[in-house]
Amino acid sequence: MRRSRKPTPQTIAVVLALADNPSGWSHGYHLCRQLGLKAGTVYPILMRLAERGQVETAWETDPPSGRPARHLYRLSGEGARLAEELRAAAAAEIPRTSRSGGVIRPALGEAF
Amino acid sequence: MTTRRTGWIVGALAVALVLSMIAPGAVIVLAVPVAVVGSILTRRRPTGHEDRDVAERLVAAAATLTSERTSSDGEQVDWGAAVRAELATITVPRERRRFAVGAAVALLGRPHSRRSFVVAAAVAVAFGAGVLGISRAGLGDDGLGSVTMLLPPVMLFAIAYLCARSTRSLRFGLETGVVAALTTLVAVAVVYGVEAARWYHVAPDVSVLDGDHVDFDSTRAAVLDVVHPIILLVHLVFWSPWPVLGAWAGREHRGPPPADA
């Protein structure tokens, strides 16, 4: 039985960033820069999401000569449903956060 | 390549020489893995990546240590190759180093395989039962020490080798070998404790460890003599290189992975 735990703010940020990518596929390093997170944070999240089937992975099919094919990530159907749930939860959370004076970290705030 | 081969031969001879002074039987038992590893490693081809920077070397080392070809659901996954490919797109040296450190932490920190613990537990139980059986059959002149010191290196080498070879995963071989070493140490400590207490009542002046005559004034003293932290630490130090060498040899046996890892 899989344990169901509340996602961390970093996991939420990665899921929503993947959901917001109009081109579909994202690169790991691009996610790091977009979210202001280190590779040591983003990659474990991607690994977990991939193992749970919430993220699909693929290799670049036509990389430029001189460098290896990059690994690509996008949300699966299950991942997209998770993103919707997280968005709804975040929307419900914002009024409460505003009332309590809570501060969202600037780097992660970009993902919301 | 010739220099490396010579290095391994000299190293194996040095190990054999040292061991022959401590325990002549150990020469045969422990020099064999050294010879196997040496012969495998000296067959390696040059990588052609000698000009790699620190970041690439770091990621490559972490990728090698954690390499595995399939995920639990059978899908092909190579996170080491993924982060190496990503690193290849970063040109700023400082940014490369930052990314490499994070990626290495991510690779090395992946959750451990449950199979490693199952195999390690089975190994420890089997070995503990074997030592118990030997003890019940009689301590002989050498006690149990020669068995618990010399047999586990071969066993741990073989387990790590087989695990790494069968899965093409250095990580799985290393994890299983190292965890098996720890669980086997626990099994040895338990068997030593039980048997020291038992033998104290049968032959109070005999050490379970080496069969020597020792004057114990209580069961507790007899038990503490053999499960002393130093005794257990010596076991662990003596065993520890072999699962590492076994995993390494197991992975190298199949040659370099097909990807660029």
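Chains as they are written, first to last, in the working numbering: chain Y, 1 to 112; chain X, 1001 to 1261.
Even for Gly, the Cβ is constructed at its ideal location relative to N, Cα and C.
Which listed residue (the options) has its alpha carbon closest to that of residue i
i, options, result
"Ala1137(X)", "Ala1012(X), Trp1199(X), Ser1240(X)", "Trp1199(X)"
"Gly1193(X)", "Val1227(X), Ser1166(X), Leu1209(X), Ala1160(X)", "Val1227(X)"
"Ser1240(X)", "Val1202(X), Val1186(X), Leu1156(X), Arg1115(X)", "Leu1156(X)"
"Val1190(X)", "Arg1098(X), Thr1064(X), Gly1128(X)", "Gly1128(X)"
"Ser1218(X)", "Asp1212(X), Ser1207(X), Gly1211(X)", "Ser1207(X)"
"Asp1053(X)", "Leu1013(X), Arg1098(X), Gly1011(X)", "Arg1098(X)"
"Val1125(X)", "Val1188(X), Glu1056(X), Val1092(X), Leu1236(X)", "Val1188(X)"
"Trp59(Y)", "Glu93(Y), Lys6(Y), Glu78(Y), Tyr73(Y)", "Tyr73(Y)"
"Ala1203(X)", "Gly1143(X), Gly1246(X), Ala1122(X), Arg1084(X)", "Gly1143(X)"
"Ser1135(X)", "Glu1056(X), Arg1165(X), Gly1211(X)", "Gly1211(X)"
"Ala1055(X)", "Gly1011(X), Gly1102(X), Ala1196(X), Leu1013(X)", "Gly1102(X)"
Cutoff 8 Å: residue i Cβ touching any chain X Cβ
i, result
"Ala17(Y)", "no"
"Arg70(Y)", "yes"
"Pro7(Y)", "no"
"Arg67(Y)", "yes"
"Gly24(Y)", "no"
"Gly40(Y)", "yes"
"Gly28(Y)", "yes"
Residue i versus residue j - alpha carbon distance
i, j, result
"Asp1088(X)", "Arg52(Y)", "Per the sequence presented here, residue 1088(X) reads as Ala, with Asp not at that position. Their Cα atoms are separated by approximately 28 Å."
"Gly24(Y)", "Ile1090(X)", "22 Å"
"Gly1007(X)", "Thr61(Y)", "43 Å"
"Gly1080(X)", "Val1118(X)", "25 Å"
"Leu1209(X)", "Gly1145(X)", "5 Å"
"Lys6(Y)", "Val1123(X)", "37 Å"
"Ala1221(X)", "Ile1230(X)", "15 Å"
Environment of residue i [buried if 16+ CB atoms lie within 10 Å]
i, result
"Asp1078(X)", "buried"
"Pro1153(X)", "buried"
"His71(Y)", "buried"
"Ser1169(X)", "buried"
"Ser1067(X)", "buried"
"His1213(X)", "exposed"
"His1235(X)", "buried"
"Ser1113(X)", "buried"
Nonlocal neighbours in the same chain, by C-beta distance under 7 Å from residue i, ignoring five residues either side
i, result
"Ala1120(X)", "Thr1176, Val1179, Ala1180, Thr1183"
"Asp941(X)", "With chain X represented from 1001 up to 1261, any question about residue 941(X) goes unanswered, as that position is not in the structure."
"Leu82(Y)", "Val15, Gln54"
"Cys32(Y)", "Lys38, Ala39, Val42"
"Ala80(Y)", "Ala19"
"Ala91(Y)", "none"
Neighbour flag for residue i against chain Y, beta carbons, 8 Å
i, result
"Val1105(X)", "yes"
"Trp1239(X)", "no"
"Ala1014(X)", "no"
"Ala1060(X)", "no"
"Val1123(X)", "no"
"Glu1252(X)", "no"
"Trp1079(X)", "yes"
"Gly952(X)", "Past the edges of chain X, shown from 1001 to 1261, lies residue 952(X), and the structure says nothing about it."
"Thr1089(X)", "yes"
Any non-hydrogen atom of the ligand FAD within 7 Å of residue i CB
i, result
"Lys6(Y)", "Only the bare structure without any ligand can be found here, which leaves the ligand FAD out of the picture."
Cβ-based neighbour list, residue i, same chain, cut-off 6 Å, excluding 5 preceding and 5 following
i, result
"Ala941(X)", "Outside the modelled stretch of chain X, which goes from 1001 to 1261, sits residue 941(X), for which no answer is possible."
"Thr11(Y)", "Ile45"
Sequence-distant residues of the same chain with beta carbon closer than 8 Å to residue i, five excluded per side
i, result
"Phe1238(X)", "Met1149, Pro1153"
"Ser76(Y)", "Gly53, Gln54, Val55, Glu56"
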